[in-house]
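Residue numbers (UniProt numbering): 1 to 422.
The structure appears below as structure tokens.
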């Protein structure tokens, strides 16, 4: 069959209306689908997070709020409350030991190793290990003093778990809590009836009782012996070689001090800037230095979704928001800028929020209304914490604009009715 070509003049009069109605039908169908999308709440439209209304609604719904977070408006009263909460200071650990006599780091304890040297005149009770030496008195011609004396170094003596040592001709002797001078005097008193004018010298070969463990982010983790000079926290950190990341800021190092089953933490920089926190180290303390870069995260309708380090000793909410470009004009709801934080339990109780007695932290959401000029002053006072999450909510009208973009795409001039019909 030979093909037939129709010209416009040859086209049946009823063909054009049919094509028109088909094209318009597809267009109306597309618009109807978009309208259905809008009437169902636009839930199928993509979004970067909940709106202010959704956050508030879900907070009141126990089925949605499974972690039990509360929402607190940022105010001057809140900032005052948060500023009054400070971490346990090292001075509080030191104050607990105030009633006791401070340690001079010169007493003997279990685990120490002692070296005892005995000097005798005339017939020696102990076999000399280092030969004989000439008495200065004899050299001076003193006739009342024999001309020679012997020095004997006993084998190292370990202080046992009960605090005792054992030595020849003396037996067991309790030495815990005694200074080396007191131990020498006690040994000398025991030998007076057995040796001629004995003189005793005691020194500590291995000092375990008067020491502190320094470990973590230091160059030379080790047990640091303490001296009667009474070293402080920064002293023992320096003796352990200092920070192992010399090119990192001191603000990101945390000192953890354990004493008598209590623990306190402070940034290294805070100790350096507050000499009263550079407390005297006690025997048995444990000092841990850790490198903990502080950071915060930003999500939602911000200029930049990211995780950012503090890089400064302190950081305010205003500074943190400005670092990421602030809220986006085209998407953000400036009434709903949030800080998501795991807050200390004591703070939550002071805010009147329910929290388990065994919990140390709990979830809370701090909200700032940036449409209120006062909020810009509050943001300069609200301090960020390590691990905080800033969320800038999307505007409730954002979904409507996305819907209109879909309609605009469908109805754009580049799309003809004939093209839709095809």
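We treat Cβ as the ideally placed atom computed from N, Cα and C, and that holds for glycine.
In this structure, how does DSSP classify residue 271 when only helix, strand and coil are distinguished?
On the chain shown, position 271 is the one that residue 271 refers to. Of the three classes helix, strand and coil, the one that applies to residue 271 here is helix, per DSSP.
Could you tell me how far apart the beta carbons of residue 108 and residue 159 are, in whole angstroms, since I believe they sit closer than 8 Å?
Working through the chain shown from its first residue, we reach residue 108 at position 108. Working through the chain shown from its first residue, we reach residue 159 at position 159. Yes, residue 108 and residue 159 are in contact; Cβ-Cβ is about 6 Å, under 8 Å.
Tell whether a beta-carbon distance below 9 Å holds between residue 208 and residue 113.
Here residue 208 refers to the residue found at position 208 of the chain shown. Here residue 113 refers to the residue found at position 113 of the chain shown. Yes, they are a contact pair.
By a C-beta neighbour count over all protein chains shown, 10 Å radius and 16 as the cutoff for buried, is residue 51 buried or exposed?
On the chain shown, position 51 is the one that residue 51 refers to. Buried, since its Cβ has 16 or more Cβ neighbours within 10 Å.
Give the DSSP bridge partners of residue 316, in chain order.
What you label residue 316 is simply residue 316 of the chain shown in a count that begins at 1. Answer by DSSP bridge pairing, in chain order: 383.
Under 9 Å between the Cβ atoms of residue 198 and residue 188?
For the purposes of this step, residue 198 is identified with residue 198 of the chain shown, where counting begins at 1. For the purposes of this step, residue 188 is identified with residue 188 of the chain shown, where counting begins at 1. Yes.
What is the DSSP secondary structure of residue 331, counted as helix, strand or coil?
Translated into the one-based positions of the chain shown, residue 331 becomes position 331. Here residue 331 sits in coil by DSSP.
With which residues is residue 120 paired in a DSSP beta bridge?
Reading the chain shown from its first residue, position 120 is the one you call residue 120. According to DSSP, residue 120 bridges with 150.
Could you pull the DSSP bridge partners for residue 171 from this structure?
Taking the first residue of the chain shown as position 1, residue 171 is located at position 171. Answer is 167, bridged to residue 171.
Pull the bridge partners of residue 214 from the DSSP assignment, please.
One-based indexing of the chain shown puts residue 214 at position 214. DSSP output for residue 214 lists 222, 287 as bridge partner(s).
For residue 250, which residues of its own chain have a beta-carbon under 7 Å away from its beta-carbon, when the five flanking residues on both sides are left out?
In the chain shown, counting from the first residue as 1, residue 250 sits at position 250. For residue 250, where only same-chain residues beyond five positions count, the Cβ hits under 7 Å are 268, 269, 272.
By Cβ distance, which residues of its chain are closer than 7 Å to residue 276, with the 5 residues on each side in sequence left out?
As a working mapping, residue 276 is identified with position 276 in the chain shown. Around residue 276: 91.
Should residue 325 go down as buried or exposed, given a rule of 16 or more other Cβ atoms within 10 Å for buried?
In the chain shown, counting from the first residue as 1, residue 325 sits at position 325. It is exposed - the Cβ of residue 325 has fewer than 16 other Cβ atoms within 10 Å.
Could you compute how far the alpha carbon of residue 105 sits from the alpha carbon of residue 283?
For this step, residue 105 is matched to residue 105 along the chain shown. For this step, residue 283 is matched to residue 283 along the chain shown. For residue 105 and residue 283, the distance between alpha carbons rounds to 7 Å.
Could you check the C-alpha separation between residue 309 and residue 78 for me, to the nearest Å?
Stepping through the chain shown from its first residue, residue 309 is reached at position 309. Stepping through the chain shown from its first residue, residue 78 is reached at position 78. Cα-Cα distance, rounded: 25 Å.
Would residue 214 and residue 239 be called neighbours here (beta carbons separated by less than 9 Å)?
Numbered from its first residue, the chain shown carries residue 214 at position 214. Numbered from its first residue, the chain shown carries residue 239 at position 239. Yes, they are a contact pair.
Let me confirm a value: residue 139 is counted as buried when at least 16 other C-beta atoms fall within 10 Å, else exposed. Which label applies?
Residue 139 sits at position 139 when you count from the first residue of the chain shown. Because residue 139 carries a pLDDT of 34, less than 50, the predicted location of this residue cannot be relied on, and the following value inherits that uncertainty. Classification of residue 139: exposed, given that the 10 Å Cβ count is below 16.
If the criterion is Cβ atoms closer than 9 Å, does the pair residue 68 and residue 354 meet it?
As a position in the chain shown, residue 68 is number 68, starting the count at 1. As a position in the chain shown, residue 354 is number 354, starting the count at 1. Yes, these two residues count as a Cβ contact at 9 Å.
Tell me the rounded alpha-carbon separation between residue 237 and residue 222.
Indexing the chain shown from 1 puts residue 237 at position 237. Indexing the chain shown from 1 puts residue 222 at position 222. The straight-line gap from Cα to Cα measures roughly 10 Å.
Out of 332, 258, 93, 350, state which residue places its alpha-carbon closest to the alpha-carbon of residue 83.
Residue numbering aside, residue 83 sits at position 83 when the chain shown is read from its first letter. Minimum Cα distance to residue 83 is reached at 350.
For residue 329 and residue 394, which I take to be in contact (beta-carbon distance under 8 Å), what is that distance rounded to the nearest angstrom?
For the purposes of this step, residue 329 is identified with residue 329 of the chain shown, where counting begins at 1. For the purposes of this step, residue 394 is identified with residue 394 of the chain shown, where counting begins at 1. The pair is not a contact, with the Cβ atoms about 12 Å apart (cut-off 8 Å).
Work out the CA separation of residue 70 and residue 359 for me, nearest whole Å.
The residue given as residue 359 occupies position 359 in the chain shown. The residue given as residue 70 occupies position 70 in the chain shown. One C-alpha to the other measures close to 16 Å.
Return helix, strand or coil for residue 358, following the three-state DSSP convention.
Position 358 of the chain shown holds residue 358. Three-state DSSP puts residue 358 in coil, outside helix and strand.
Within 10 angstroms of the Cβ of residue 76, are there 16 or more other Cβ atoms? Answer buried if so, exposed if not.
Mapped onto the chain shown, residue 76 falls at position 76. Residue 76 comes out exposed.
For the candidate residues 365, 149, 125, 216, whose alpha-carbon lies nearest to that of residue 291?
Within the chain shown, numbered from 1, the residue matching residue 291 stands at position 291. Taking only the C-alpha atoms, the option nearest residue 291 is 216.
Let me check one thing: in DSSP terms, what residues is residue 192 bridge-paired to?
As a first step, residue 192 is located in the chain shown; it is residue number 192 there, counting from the start. In the DSSP output, where bridge partners are listed per residue, residue 192 has none listed.
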